[in-house]
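Novice:
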Amino acid sequence: MAQVQHATHAHEHQKPNTKAIWRTFWILLVVTTLEFIVALGTPFSHGIKVVLYAIMTIIKAFYIVAEFMHLRYEVRFLIWAIILPMVFVVWLLVALIVEGGSIFQMNLMK
Amino acid sequence: MATTTSIAKYESQKIWQGGNEPFKASWGKLMMWFFLLSDAFTFSSLLITYGLIRYSHVAYDPAVHGEFKFSTEYWPIPEKVFAGVPFFHGVNAPLVFVGIMTFILIMSSVTMVLAVEAGHRRDRKDVEKWMLWTILGGFTFLFSQAWEWTHFIIGENSPMNATRIDGTRIIGANLVENQYGPPLFADLFFFITGFHGFHVFSGVLINIIVFYNVAMGIYDRPDRKIDPGAEPYEMVEKVGLYWHFVDLVWVFVFTAFYLI
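Residue numbers (my numbering), protein chains in the order written: chain A, 6 to 115; chain B, 4 to 263.
(1) Please report the distance separating the alpha-carbon of B/N1 from that of B/D129.
(2) What's the gap between the Cα of B/A66 and the Cα of A/P48?
(3) Nearest to B/A165 by alpha carbon, out of B/S74, B/T258 and B/S59?
(4) Going along the chain, which residues of its own chain have a beta-carbon closer than 8 Å to the beta-carbon of B/L145, five neighbours each way excluded?
(5) Would B/H202 count as contacting chain A if we go by Cβ distances under 8 Å?
(6) Report back the beta-carbon spacing between B/M115 and B/T137 to the nearest angstrom; my notes put them in contact at under 8 Å.
(7) Express the C-alpha separation of B/K241 and B/F38 in angstroms, rounding to a whole number.
(8) What does A/G105 touch in chain B if you count any residue whose Cβ is under 8 Å from its own?
(9) For B/P97, which residues in the same chain have their Cβ closer than 8 Å to its Cβ, ignoring the five residues on either side in sequence?
(10) Cutting at 6 Å between CB atoms, please list the residues of its own chain near B/F46, excluding the five before and the five after it.
(11) What's the gap between the Cα of B/G122 and the Cα of B/L187?
(12) Are B/F296 and A/V94 closer than 8 Å when you measure CB to CB?
(13) If we require 4 or more residues per run, which alpha helix (DSSP H) segments fall completely within the segment 88–153 of chain B?
(14) With 8 Å set as the bound, which would you pick, yes or no: does the beta-carbon of A/L83 sit closer than that to a beta-carbon of chain B?
(15) Near B/R125, which residues of its chain fall below 8 Å by C-beta distance, leaving aside the five closest residues on each side in sequence?
(16) Please report whether the beta-carbon of A/T62 lies at a distance below 8 Å from any beta-carbon of chain B.
(17) Shortest alpha-carbon distance to B/Y53 belongs to which of B/V239, B/V94 and B/A189?
(18) What do you get for A/R81, buried or exposed, if any count of 16 or more other CB atoms within 10 angstroms of its CB means buried?
(19) Output the residue ranges of the alpha helix (DSSP H) runs that lie fully inside the segment 6–75 of chain A and measure 4 residues or longer, sorted by chain position.
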């Protein structure tokens, strides 16, 4: 019993290890700031901006899922069980955006 | 050599033959992951619908439409729609308020991770502190969103507004018409940010329940009769997964709705 108490006591005085958390926070903050700069302060065309937004969104999503949700440190099988279905969702996204463009073209011809 | 390879092969096959934990995660965490995956499908379907509808509408083109003015003819530029900030009425501040909301949500995600980290150290005081900050962040985000919706719905009487076919000015927004653009623009705004906001709301409620349990010391001694594999403070980790997911969805909503 004394040993158990001693163990809990030791736990309470363990130093917080938050370096990785704050590093992730700064990355997220910097990328979000970059998004605002691209949106409001650059002369790029809409197409280039969309590509830049997509890249920056994926970077942010990666850091949230990998670091905050800890997926990076899970077993390989679990990582794939989550990532693989989402790959098909990205496919659907691209397919239906292209489809939206086709509907637009069709409406022009009417 | 050949024996080593065949043993390794046998070992890797054995992973899926039962009596083992292939994912090396507790069932609670695993189910949270799969719930979040299914929730990701729901949000994806909303955002994909947004993509499809947006690209089937006319985009604003200065060469064709002249100087920018809201119109039901083409999709509005988001930074022209979301340009208001509380207490600064009439000041044109494109995307500033959404930026603040994004910061609040990222910040509350950080405090949630800090709560989970404190849970690993079994430090109840620290978990309580960071959970409270997370709850506060959640409420702040919800109030910000309430302000944004109110601003969006009431709108203002301005010559920039879109007009009806008979030439009268549309003021404000509802599901049928809005001053910013085609009806579907406001519909998707309400559905997508509303669905996300509801997730934030449920997240705050769950956080409050978990905070209460932490304060009562329930997670210091998990009930192994109810959950044989329970680790102390694992519930904080599970609610943390949900909370980060809400933040993750906001990243995508933010890009789709406010930037593109």
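Just so you know, even glycine gets a beta-carbon here, dropped at the ideal spot from N, CA and C. Values in this document were obtained by computation on a predicted structure and should not be read as measured data.
Specialist: According to the data block:
(1) Outside the shown range of chain B, which is 4 to 263, sits residue 1 of chain B, and nothing can be said about it.
(2) The C-alpha of A/P48 is placed about 16 Å away from the C-alpha of B/A66.
(3) Of B/S74, B/T258 and B/S59, the residue nearest in Cα terms is B/S74.
(4) If we look at B/L145 and ignore the five residues flanking it on each side, its Cβ neighbours are G200, V203, F204 and V207.
(5) False, the Cβ-Cβ gap to chain A never drops below 8 Å.
(6) With a Cβ gap of about 5 Å, B/M115 and B/T137 count as contacting.
(7) Counting only the Cα atoms, B/K241 lies some 11 Å from B/F38.
(8) Neighbourhood of A/G105 in chain B, by CB distance below 8 Å: G54, L55, I56, R57, Y58 and S59, in chain order.
(9) So the qualifying residues of the chain are E82, K83, F85 and A86.
(10) Contacts found: V252.
(11) Each residue's CA atom was taken as its position, placing B/G122 and B/L187 some 45 Å apart.
(12) There is simply no residue 296 of chain B to check, as chain B begins at 4 and stops at 263 in what is shown.
(13) Segments of the alpha helix (DSSP H) lying fully in the segment 88–153 of chain B: 99–123.
(14) Interface residue, yes.
(15) Excluding positions up to five away in sequence, the list reads D223, P235 and Y236.
(16) Yes, because at least one Cβ of chain B sits closer than 8 Å to the Cβ of A/T62.
(17) Among B/V239, B/V94 and B/A189, the Cα nearest to that of B/Y53 belongs to B/A189.
(18) Burial call: exposed.
(19) The qualifying runs are 7–17, 24–46 and 51–68.
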